[in-house]
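K.L.:
Pasting a structure below so you can have a look.
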Amino acid sequence: MADNETDIEGQPRIAPDAGAADDARPWGEQTRVVGNRRPRVDAWERVSGAAVFPSDLVLPGMLHAAVLGSPHANARVTAIDTSRAERMPGVYAVISRNTPEANPDWDYFSAHSGKLFYDHCRFEGDAVAAVAAQSPYQAHDALRAIQVEYEILPFVSDELEALKPGAPEVHSGGNRAGTQTYARGNIEQGFSEADLVLEQRYRTASEMHTPLEPHGCVARWDGDSLTVWESTQGVYAVQSKIADVLKLPLSRVRVIGHYVGGAFGSKLRTDKYAIIAALLARRVNRPVKLFMTREQTLLTQGNRPPATMTVKAGVKKDGTLTAIQFSGIGASGAYKAGGTSLLDWLAKDLYRCANVSTELTDVYINAQPARPFRAPGYVQCSWAMEQMMDALADGLGMDPVELRLRNIPAGTQARDDKPYTTDGLRLCIEQGARAFGWQEARAAAAQHSKGHLQRGVGMAAANWYAGDGGPPSTVIVRLYADGTANLNMGASDIGTGTKTVMAMVVAEEFGVDPDAVQIEHADTGTTQYATPSGGSKTVPTEAPAVRRACLAVKSQLLDMAAQQLGRPREEIVFDGDHLRTTDGLESLAIRELDRLRKQKVVVGVGQRQSNPQGVSITPFAAQFCEVEVNTLTGEVRLLRMLGSNESGRVINRLTWDGQLIGGITMGVGYATTERRVLDGPTGKLCNKNWHDYKLPTTLDVPAEVISEPIMLTDEQANIVGAKGLGEPVTIPTAGAIANAVAHALGMRLYDTPINPVTLIERVAAREA
Amino acid sequence: MLTPFAYVRPASLQDAVAALTEGNAHIHAGGTDLLGCLRDEVFGADRLVSLAALGDLAGLRETRDGGLDIGAMTTITDIAAHPLVQRRYPGLAQAAGEVASPQLRNQGTLGGNLCQKPRCWYYRGDFPCLRKGGHKCFAVNGENEYHCIFGGANCFIVHPSDIAPALVSLDAEIETAGPSGGRRLPVSQLHMPPEQDPTRETLLKPGEVIVKVHVPPAPAGLYSSYRKVRTRRSWDFAVAGCALALVMDGDRVRDCRVVLAAAAPIPWRSPETEQVLRGQTLDDAVIRKAAKAAVANARPMTKNAYKIPLFEGMLLEELRKAAQV
Chain U
2 MADNETDIEG
12 QPRIAPDAGA
22 ADDARPWGEQ
32 TRVVGNRRPR
42 VDAWERVSGA
52 AVFPSDLVLP
62 GMLHAAVLGS
72 PHANARVTAI
82 DTSRAERMPG
92 VYAVISRNTP
102 EANPDWDYFS
112 AHSGKLFYDH
122 CRFEGDAVAA
132 VAAQSPYQAH
142 DALRAIQVEY
152 EILPFVSDEL
162 EALKPGAPEV
172 HSGGNRAGTQ
182 TYARGNIEQG
192 FSEADLVLEQ
202 RYRTASEMHT
212 PLEPHGCVAR
222 WDGDSLTVWE
232 STQGVYAVQS
242 KIADVLKLPL
252 SRVRVIGHYV
262 GGAFGSKLRT
272 DKYAIIAALL
282 ARRVNRPVKL
292 FMTREQTLLT
302 QGNRPPATMT
312 VKAGVKKDGT
322 LTAIQFSGIG
332 ASGAYKAGGT
342 SLLDWLAKDL
352 YRCANVSTEL
362 TDVYINAQPA
372 RPFRAPGYVQ
382 CSWAMEQMMD
392 ALADGLGMDP
402 VELRLRNIPA
412 GTQARDDKPY
422 TTDGLRLCIE
432 QGARAFGWQE
442 ARAAAAQHSK
452 GHLQRGVGMA
462 AANWYAGDGG
472 PPSTVIVRLY
482 ADGTANLNMG
492 ASDIGTGTKT
502 VMAMVVAEEF
512 GVDPDAVQIE
522 HADTGTTQYA
532 TPSGGSKTVP
542 TEAPAVRRAC
552 LAVKSQLLDM
562 AAQQLGRPRE
572 EIVFDGDHLR
582 TTDGLESLAI
592 RELDRLRKQK
602 VVVGVGQRQS
612 NPQGVSITPF
622 AAQFCEVEVN
632 TLTGEVRLLR
642 MLGSNESGRV
652 INRLTWDGQL
662 IGGITMGVGY
672 ATTERRVLDG
682 PTGKLCNKNW
692 HDYKLPTTLD
702 VPAEVISEPI
712 MLTDEQANIV
722 GAKGLGEPVT
732 IPTAGAIANA
742 VAHALGMRLY
752 DTPINPVTLI
762 ERVAAREA
Chain H
4 MLTPFAYVRP
14 ASLQDAVAAL
24 TEGNAHIHAG
34 GTDLLGCLRD
44 EVFGADRLVS
54 LAALGDLAGL
64 RETRDGGLDI
74 GAMTTITDIA
84 AHPLVQRRYP
94 GLAQAAGEVA
104 SPQLRNQGTL
114 GGNLCQKPRC
124 WYYRGDFPCL
134 RKGGHKCFAV
144 NGENEYHCIF
154 GGANCFIVHP
164 SDIAPALVSL
174 DAEIETAGPS
184 GGRRLPVSQL
194 HMPPEQDPTR
204 ETLLKPGEVI
214 VKVHVPPAPA
224 GLYSSYRKVR
234 TRRSWDFAVA
244 GCALALVMDG
254 DRVRDCRVVL
264 AAAAPIPWRS
274 PETEQVLRGQ
284 TLDDAVIRKA
294 AKAAVANARP
304 MTKNAYKIPL
314 FEGMLLEELR
324 KAAQV
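Those protein sequences? They're chains U and H, same order as listed. Using the numbering used here, you'd call the opening residue of the first sequence number 2 and step up by one each time. Using the numbering used here, you'd call the opening residue of the second sequence number 4 and step up by one each time.
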């Protein structure tokens, strides 16, 4: 293409995205950077402590805030006296319902509106008042001096109790927060065609969000403009919520979130703390830092809701599934918050089955609202469905791997049978089983069992309804005169390695090392709009936009080279950090382009294009597990696990494997140690610290975790060929462990978690 | 957040004792339990008395009688790693090695471990429970899966120490210093049964400090072990534990002490088990009978009946191990 636009010499042109890369295909087999094991671009900052997380931030004149939460499961605030707190040393401001100018409307997820400091605290920990003081100690001392009178109200903290007649109502009108049904085929006919029908109830405990860095922010006003440094998955989501609540234009709210100490779905949105920090900061005209205490994160910052699931499934002798009936009850908490979100998806989508019906009931209870939690709904459903699959296999005398392979769907049954772009489910199960040595291990388990130490081998498979990614995303890449680059993207790196992956994409395109890529990200003031990093969609959403921005730059470089070499553009190709003519006669480095040297920078804009219609871009997973169960004590030891994932192209094998190990670790906690305990008589949270809320330790994770990626490029997915990985890696873990334990014991446990407390009575009862 | 307190670091034991007798003073040894309690407002302190300057209180020394003195300020790591402990009292080494996590073992001390506060979530949480001067034990009608099956009376905590049961099984003694002089006391008599006083964990008097622990010489034929079952494999307290000290004469049990951990508000000696074992050959019938005897008199609460098969199974496993030596 001839350079037929006139432009002022030396002025960068922003190339339109369209036209630059419409014909782009994913990279071929040969890549220079993509696919390597690449340490984090910010590894030094993270390891040395130089990285400034929002909770590390200290600004001149900054005050510290603290929030007083209701200590009751359900109570009405009848009076607040803050006068003593206000007079305490170091205290600058106290806000509560007594300060109406600092008590805006606040709604928890739309269905119910109230105030920031609301008279009716429907869950323990809901905000009653807040303080800003010179030091965090003074702020917390002041909280103790606030006198609150509560009218304690009846509560309900168990979702099954909440559905019974006469249960205390969380909101007037009953505790049903929502119901949902789905059906295809004819369920009764499906059961009548079955040779074996099983029905079982399963229960998963609530798993609480507790990322290493608590939830919180620092807020600072400059005149009418607010800047918030927040530990978040999405700076734009925080910006819009703050603007909405404080009635500010978006242009007056800047949100920055360069580092995030873990999130897992709990930081997709902001919470009351950001509004409180902003209100306090405005009141005292100083920056204010407000981070939740660990107890407050556990009380108020979200959870994977508990689930009670009943599965009835029918199967023919040859292993063909004929019917799946799934009913699930989940708890949103005190406000509608997706208590049954995606809970039935694996039941209706993972295995081929013509006749399916599902029914979901979301329930209000007097506990904090739920939040998305790494594969919401799927992790719960997997626990039930994957155990049911194994029970069916047992009943048929069929190998569990074989049963699953007989029921591989060609497309997404929950979405009009749109065909999958890969055969990923089969590949994960087959290749994973081979790499794990499934048949050998399964057969040898009995002979490896010694007395009370029983071996078992189990597996589970999964898909994930998202993981395709999609618009919107806008990314800007600048190529500097020396051939190095600046990547400007709005997305957050929540610890998954997003920055590193994107730097690798840029490095691949420009023939440089990822270290040569400077990254600006997660700042609404300086970067372009991005959706929060979550849903396993960050790589498939952002990486194509990053690549398109690079291609937009490269298109301009081709023009420059054509002009400089006096060759048609079509005769010039990129070769690493060089351009050369197709006849091999001429070559020059990108940094030797005269035009680039003059204008100093080339700017490219990339936008995420829509996904192809008519297909389903879905990631798949299978995990395999070997355990040893002590039948005298109920101890379960995880000996080894293998995770096989098909998420399209592996961009960074290190971050890929890191995701798998992290996902399995989280699943180990779900399966064996974690559960929320609400006190029966008071509804208060018993385990609100890291001793009582038991996250798995290094010793609980098997010493051997093998990552077995399916190496393919999903050509139809997008121009990098990659799909999401962060959630598929944790969905099948708990079910695989449960199946291995069942194989070891010859009996099943239907409730999470499985550990001596829950296991030993069942085993002992059988032995007796 | 901690409330304000004075901090002193006396240079002599005498000064430390004196500093502890004024006001609401607490000993700061390793601090791993104390600081958590203060931060969680389980109790307050006007003054913390650090024992860090009392170098004599740390270390292990073999005594003339062939026993072992362990200073109260000795870290848990040093006990677990000490060759003499590992050789003569493997049960004590195992108990120390099972405590908490490596970081906590490096910081925590023997004296602190013996005097630690219960982990009951009602006691640690904002519940005005009996142990904090309130009127009732919230565990009775509440979430009591981690509570006791023996010795509950009015408060149903379990004693959190792994080391105390091991020391009781070895018939160890503590030596204290206090305002009215020192004394020696068997570890088995250190801890306060809740029916006597549910607000205190030990029988130590105000100002009284554990100086050291004396472990008597290991008798010929001593087999000792400690076993801990928990829901995760590090940084966790026992849901069930047992310390065995069997004095074997060939394959016959000449004498024995069996002490259960996480069973009762104090380290819980099981005379029922000991009685079955004493004088008997460790065959499987005796072992089964002994394990059953351990839980025969247990009184589970609403949610901890699992501890009955658990203690029985754990003792079966441990006694079978002992029989194989």
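Idealized CB from N, CA, C, for every residue including glycine. Computed from a predicted structure; not experimentally measured.
1. Looking only at its chain, what residues have a beta carbon closer than 7 Å to the beta carbon of G672 of chain U, apart from the 5 residues adjacent to it on each side?
2. What would DSSP say about Y260 of chain U, mapped onto helix, strand or coil?
3. Taking the beta strand (DSSP E) that W107 of chain U falls in, what are its first and last residues?
4. With three or more C-beta pairs closer than 8 Å as the rule, is the segment 690-704 of chain U touching the segment 85-97 of chain U?
5. On the DSSP letters alone, give me the boundaries of the beta strand (DSSP E) that H217 of chain H sits inside.
6. For the alpha helix (DSSP H) that contains T501 of chain U, what are its first and last residues?
7. In chain order, what are the residue ranges of uninterrupted beta strand (DSSP E) at least 3 long that sit wholly in the segment 451-497 of chain U?
8. Give me the DSSP bridge partner(s) of A442 of chain U.
9. Going along chain H in order, which residues have a C-beta closer than 7 Å to the C-beta of Y138 of chain U?
10. Given a cut-off of 7 Å, decide if A550 of chain U and V478 of chain U are closer than it, judged by their beta-carbon atoms.
11. Here's the rule I'm using: 16 or more other beta-carbon atoms within 10 Å means buried, otherwise exposed. How should E728 of chain U be labelled?
12. Could you tell me whether the Cβ of G681 of chain U comes closer than 7 Å to any Cβ of chain H?
13. Going straight from the alpha carbon of V218 of chain H to that of D258 of chain H, what length do you get?
14. Please check if any C-beta of chain H sits within less than 7 Å of the C-beta of T794 of chain U.
15. Would you please verify whether the beta carbon of Q12 of chain U is less than 7 Å from any beta carbon of chain H?
16. Strictly under 7 Å for the Cβ-Cβ distance: is E629 of chain U near chain H by that measure?
17. Out of curiosity, what's the CA-to-CA distance linking R14 of chain U and G484 of chain U?
18. Which residue marks the beginning of the beta strand (DSSP E) containing T359 of chain U, and which one marks its end?
19. What are the partner residues of G70 of chain U, as DSSP defines its beta bridges?
20. Specify whether the segment 328-341 of chain U and the segment 446-453 of chain U touch according to this definition: at least 3 beta carbon pairs, one from each stretch, less than 8 Å apart.
21. Using the Cβ count rule (16 or more neighbours within 10 Å means buried), how would you classify S15 of chain H?
22. Give the interface partners of G635 of chain U over in chain H, defined as CB-CB distance under 7 Å, in chain order.
23. Over the uninterrupted alpha helix (DSSP H) stretch that includes Y203 of chain U, give me the two end residues.
24. How many Å lie between K139 of chain H and L133 of chain H at the Cα?
25. Any idea what DSSP makes of P86 of chain H, helix, strand or coil?
26. For the candidate residues U:E709, U:A66 and U:V637, whose alpha-carbon lies nearest to that of L746 of chain U?
27. Quick one: Cα of A21 of chain H to Cα of S53 of chain H, how far?
28. Run down chain U in chain order and give the residues with a C-beta less than 7 Å from the C-beta of Y309 of chain H.
29. Using C-beta distances below 8 Å, list every residue in its chain close to G137 of chain H, excluding the 5 sequence neighbours before and after it, in chain order.
30. Looking at the C-beta of T298 of chain U, does it have a partner C-beta in chain H at a distance below 7 Å?
31. For A264 of chain H versus P168 of chain H, is the C-beta spacing smaller than 7 Å?
32. From the DSSP output, in three-state form, read off C382 of chain U for me.
33. Using CA coordinates, which residue listed in H:G155, H:I73, H:I177 and H:G115 is at the minimum distance from S164 of chain H?
34. G154 of chain H to R287 of chain U, Cα distance in whole Å?
35. Go ahead and label A127 of chain U buried or exposed: buried means 16 or more other beta carbons lie within 10 angstroms of its beta carbon, across all protein chains shown.
36. Is V357 of chain U close to chain H? Criterion is C-beta to C-beta, closer than 7 Å.
P.N.:
The short version:
1. For the purposes of this step, residue 672 of chain U is taken as residue 671 along the first sequence, with counting starting at 1. One point to set straight first is that residue 672 of chain U is Ala, not Gly, in the sequence displayed. Taken in chain order, the residues that qualify are T734, A735, I738, A739, T753, P754 and I755.
2. As a working mapping, residue 260 of chain U is identified with position 259 in the first sequence. Coil at Y260 of chain U, not helix or strand.
3. On the first sequence, position 106 is the one that residue 107 of chain U refers to. Here the beta strand (DSSP E) through W107 of chain U covers D106 to Y109.
4. no
5. On the second sequence, residue 217 of chain H is found 214 positions in, with the first residue counted as 1. That run of the beta strand (DSSP E) goes V212 to V218.
6. Taking the first sequence and counting its residues from 1, the one referred to as residue 501 of chain U is at position 500. Segment T499 to F511, the alpha helix (DSSP H) holding T501 of chain U.
7. 454-464, 475-481 and 486-490
8. Within the first sequence, residue 442 of chain U is the residue found at index 441, counting from 1. According to DSSP, A442 of chain U bridges with nothing at all.
9. Position 137 of the first sequence, counted from the start, is the residue given in the question as residue 138 of chain U. Those are M4, listed as they occur along chain H.
10. Residue mapping note: residue 478 of chain U aligns to position 477 of the first sequence, counting from 1. Residue mapping note: residue 550 of chain U aligns to position 549 of the first sequence, counting from 1. Yes, these two residues count as a Cβ contact at 7 Å.
11. In the first sequence, residue 728 of chain U corresponds to position 727, counting from 1. Classification for E728 of chain U: buried.
12. For the purposes of this step, residue 681 of chain U is identified with residue 680 of the first sequence, where counting begins at 1. So, interface residue.
13. Position 215 of the second sequence holds residue 218 of chain H. Position 255 of the second sequence holds residue 258 of chain H. Cα to Cα, V218 of chain H sits roughly 17 Å from D258 of chain H.
14. The question about residue 794 of chain U has no answer, for chain U in this structure spans 2 to 769.
15. Taking the first sequence and counting its residues from 1, one reaches residue 12 of chain U at position 11. Below a pLDDT of 50, predicted positions are generally treated as unreliable, and Q12 of chain U, at 43, falls in that range; the measurement from the model is reported next regardless. For Q12 of chain U, the answer is no, since every Cβ of chain H falls outside 7 Å of its Cβ.
16. The residue given as residue 629 of chain U occupies position 628 in the first sequence. False, the Cβ-Cβ gap to chain H never drops below 7 Å.
17. Your numbering for residue 14 of chain U matches position 13 in the first sequence. Your numbering for residue 484 of chain U matches position 483 in the first sequence. Because R14 of chain U carries a pLDDT of 44, less than 50, the predicted location of this residue cannot be relied on, and the following value inherits that uncertainty. Computed Cα separation, rounded: 17 Å.
18. For the purposes of this step, residue 359 of chain U is taken as the residue at position 358 of the first sequence. Taken as a continuous stretch (DSSP letters only), the beta strand (DSSP E) holding T359 of chain U covers V357 to Y365.
19. Taking the first sequence and counting its residues from 1, the one referred to as residue 70 of chain U is at position 69. Answer is U:A128, bridged to G70 of chain U.
20. no
21. The residue labelled residue 15 of chain H in the question sits at position 12 within the second sequence. So S15 of chain H counts as exposed.
22. Numbered from its first residue, the first sequence carries residue 635 of chain U at position 634. Those are L313, listed as they occur along chain H.
23. Counting from one through the first sequence, the residue named residue 203 of chain U turns up at place 202. Segment L197 to T205 is the beta strand (DSSP E) holding Y203 of chain U; no alpha helix (DSSP H) there.
24. In the second sequence, the residue the question calls residue 139 of chain H occupies position 136. In the second sequence, the residue the question calls residue 133 of chain H occupies position 130. Rounded to whole angstroms, K139 of chain H to L133 of chain H spans 5 Å at the Cα level.
25. Taking the second sequence and counting its residues from 1, the one referred to as residue 86 of chain H is at position 83. Three-state result, P86 of chain H: helix.
26. The sequence position of residue 746 of chain U within the first sequence is 745, counting from 1. Comparing Cα-Cα distances from L746 of chain U to each of U:E709, U:A66 and U:V637, the minimum goes to U:V637.
27. Counting from one through the second sequence, the residue named residue 21 of chain H turns up at place 18. Counting from one through the second sequence, the residue named residue 53 of chain H turns up at place 50. Whole-angstrom Cα-Cα distance: 12 Å.
28. Along the second sequence, read from residue 1 onward, the residue named residue 309 of chain H stands at position 306. Near Y309 of chain H (Cβ distances below 7 Å), the residues of chain U are V758, I761 and E762.
29. As a position in the second sequence, residue 137 of chain H is number 134, starting the count at 1. If we look at G137 of chain H and ignore the five residues flanking it on each side, its Cβ neighbours are F130 and P131.
30. Along the first sequence, read from residue 1 onward, the residue named residue 298 of chain U stands at position 297. No, T298 of chain U lies away from the interface with chain H (no Cβ there is under 7 Å from its Cβ).
31. Within the second sequence, the letter at position 261 stands for residue 264 of chain H. Within the second sequence, the letter at position 165 stands for residue 168 of chain H. Yes.
32. The residue given as residue 382 of chain U occupies position 381 in the first sequence. In this structure, C382 of chain U counts as helix in the three-state DSSP scheme.
33. Reading the second sequence from its first residue, position 161 is the one you call residue 164 of chain H. Comparing Cα positions, the closest option is H:G115.
34. By one-based count along the second sequence, residue 154 of chain H stands at place 151. By one-based count along the first sequence, residue 287 of chain U stands at place 286. So the two alpha carbons sit approximately 56 Å from each other.
35. Here residue 127 of chain U is taken as the residue at index 126 of the first sequence, counted from 1. In the sequence on display, residue 127 of chain U carries Asp and not Ala. Per the 10 Å Cβ criterion, buried.
36. On the first sequence, residue 357 of chain U is found 356 positions in, with the first residue counted as 1. Chain H contact via Cβ: absent.
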